[in-house]
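Numbering (the numbering used here), first residue to last: 440 to 797.
For every residue, glycine included, the Cβ atom is placed at its ideal position computed from N, Cα and C.
Keep in mind it's a predicted model, so treat the numbers as computed, not measured.
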């Protein structure tokens with residue numbers, strides 16, 4: 440699909456539904472192209488940026504080809520199916536939202552395409568750009584940060600792929616008067632410990648509540664993205680974003696803002712836990728040399744994610760970790776014994792964690 444065709448598709452998708460308008464010069468938003476298990480930065484970034492004063496009417500999609508989308512994860516914590524009137528009321532009240540875009544009639548044509556993409560397990564650059572930007576344009580966003588993880592088993596696998604996608608996103612966004620900034624992040628391994636809606640939600644809560652056990656990588660990536668968004672929107676001088684974002688998170692202001700958002704959307708609840716669990720262990724001593732994101736995503740989906748909110752994978756190792764034979768590499772969580780067995784069988788046949796002897 441050409442750039443012009445992608446622009447035309449984006450316009451048609453915007454025209455298929457409602458459009459929101461806001462009485463603010465800068466309306467911020469953030470999106471990740473996906474393809475990386477876990478990586479649930481959006482709720483954390485939104486909470487930090489909103490606590491710092493930005494307006495963020497954030498709408499998210501459900502999983503397309505992954506074990507969880509931001510909307511799936513947030514649904515374990517609060518109500519996400521808001522009408523346009525409800526979303527406006529939430530944003531007017533607390534300055535931000537974390538809602539499911541599919542309930543809002545914002546670019547409803549995108550939801551039709553998503554169902555096709557999910558069934559076929561496809562997600563082309565043109566579809567990706569039109570999907571992301573049509574939702575952001577319809578939501579009234581003026582400044583959009585787009586996180587693009589790059590890695591050998593991520594959705595975007597090379598710098599050439601990144602540059603092609605960057606140019607497409609920038610050209611399409613420019614034609615609608617929307618400013619975008621593309622942030623390249625490490626896509627070599629999952630971010631956080633959880634893969635699947637409830638497990639990812641627990642990671643989000645741990646970071647926002649400043650738990651000592653919170654995943655360090657999820658915290659650091661969220662701070663980087665929040666800092667970039669704050670600087671991009673002019674909320675802070677260039678180079679001062681990280682200090683502001685860290686202060687907002689460490690002071691508890693981001694957690695309080697997240698609570699406000701959830702309460703405004705219907706109340707904050709605790710994510711559930713799976714009935715069945717099974718460890719997949721290291722077969723030898725050695726060092727972790729590779730983690731296959733696609734195998735992990737498949738394992739989590741076979742376990743029941745995202746339809747079963749508590750299903751998924753809990754990671755115990757990262758790249759370059761030293762492991763002993765018998766050490767758990769990850770734990771599969773499932774709500775049905777049959778799904779657990781399917782997932783375990785796949786995991787044993789398709790190792791997601793590669794270990795080299797030392």
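Practice task
Please classify residue 538: is it buried, with 16 or more other beta-carbons within 10 angstroms of its beta-carbon, or exposed?
Solution key: Locating residue 538 in the chain shown gives position 99, counting from the first residue. Residue 538 sits buried, since 16 or more C-beta atoms from the chains shown fall within 10 Å of its C-beta.
Problem - Boundaries (first-last residue) of the alpha helix (DSSP H) holding residue 570 - result: Your numbering for residue 570 matches position 131 in the chain shown. That run of the alpha helix (DSSP H) goes 564-577.
Exercise for the section: Return helix, strand or coil for residue 547, following the three-state DSSP convention. Expected result: Working through the chain shown from its first residue, we reach residue 547 at position 108. Residue 547 falls in the helix class under three-state DSSP.
Problem - Residues sharing a beta bridge with residue 536, DSSP - result: On the chain shown, position 97 is the one that residue 536 refers to. DSSP output for residue 536 lists 496 as bridge partner(s).
Practice task
May I ask you to list the residues that DSSP assigns as paired with residue 770?
Solution key: Against the chain shown, residue 770 aligns to sequence position 331. Residue 770 pairs with 718 and 753.
Handout entry: Where the beta strand (DSSP E) through residue 729 begins and ends
Key = Against the chain shown, residue 729 aligns to sequence position 290. Per DSSP, the continuous beta strand (DSSP E) segment holding residue 729 begins and ends at 725-730.
Problem - 7 Å CB neighbourhood of residue 697 in its chain, flanking five on each side removed - result: Residue 697 sits at position 258 when you count from the first residue of the chain shown. The answer, listed in chain order, is 482, 486 and 647.
Practice task
Run through the stretch 579-645 for me and flag every whole beta strand (DSSP E) of 3 or more residues, listed as ranges in chain order.
Solution key: Whole beta strand (DSSP E) segments, 3+ residues: 582-589 and 618-625.
Practice task
Specify the secondary structure class of residue 781 as computed by DSSP and reduced to three states.
Solution key: Position 342 of the chain shown holds residue 781. In the displayed model, residue 781 falls within a helix according to three-state DSSP.
Practice task
Would you mind reading off the limits of the beta strand (DSSP E) that contains residue 467?
Solution key: Here the question's residue 467 lines up with position 28 in the chain shown. It spans 467-471 - the beta strand (DSSP E) in which residue 467 sits, taken as one unbroken run.
Exercise for the section: Report the residue ranges of all alpha helix (DSSP H) runs contained in full by the stretch 647-710; include only those spanning at least 4 residues, in chain order. Expected result: Taken in chain order, the complete alpha helix (DSSP H) segments of 4 or more residues contained in the stretch 647-710 are 655-671, 680-689 and 692-703.
Handout entry: When 619, 602 and 600 are compared against residue 576, the one with the closest alpha-carbon
Key = As a working mapping, residue 576 is identified with position 137 in the chain shown. When 619, 602 and 600 are compared, the shortest CA-CA separation from residue 576 is found for 619.
Exercise for the section: Measure from the alpha carbon of residue 689 to the alpha carbon of each residue in 699, 705 and 661, then state which is nearest. Expected result: Taking the first residue of the chain shown as position 1, residue 689 is located at position 250. That would be 661, whose Cα lies nearest to the Cα of residue 689.
Exercise for the section: Using DSSP bridges, identify the partner residues of residue 794. Expected result: Taking the first residue of the chain shown as position 1, residue 794 is located at position 355. Note: residue 794 sits in a beta bridge opposite 727.
Practice task
May I have the straight-line CA-CA distance separating residue 506 from residue 741, to the nearest angstrom?
Solution key: As a working mapping, residue 506 is identified with position 67 in the chain shown. As a working mapping, residue 741 is identified with position 302 in the chain shown. Pairing residue 506 with residue 741, the inter-Cα distance amounts to about 9 Å.
Practice task
Determine the contact status of residue 668 and residue 584, defining contact as a CB-CB distance below 9 Å.
Solution key: As a position in the chain shown, residue 668 is number 229, starting the count at 1. As a position in the chain shown, residue 584 is number 145, starting the count at 1. In contact: residue 668 and residue 584 (Cβ atoms closer than 9 Å).
Handout entry: DSSP three-state assignment for residue 762, whether helix, strand or coil
Key = As a first step, residue 762 must be located in the chain shown, where it is residue number 323. Here residue 762 sits in strand by DSSP.
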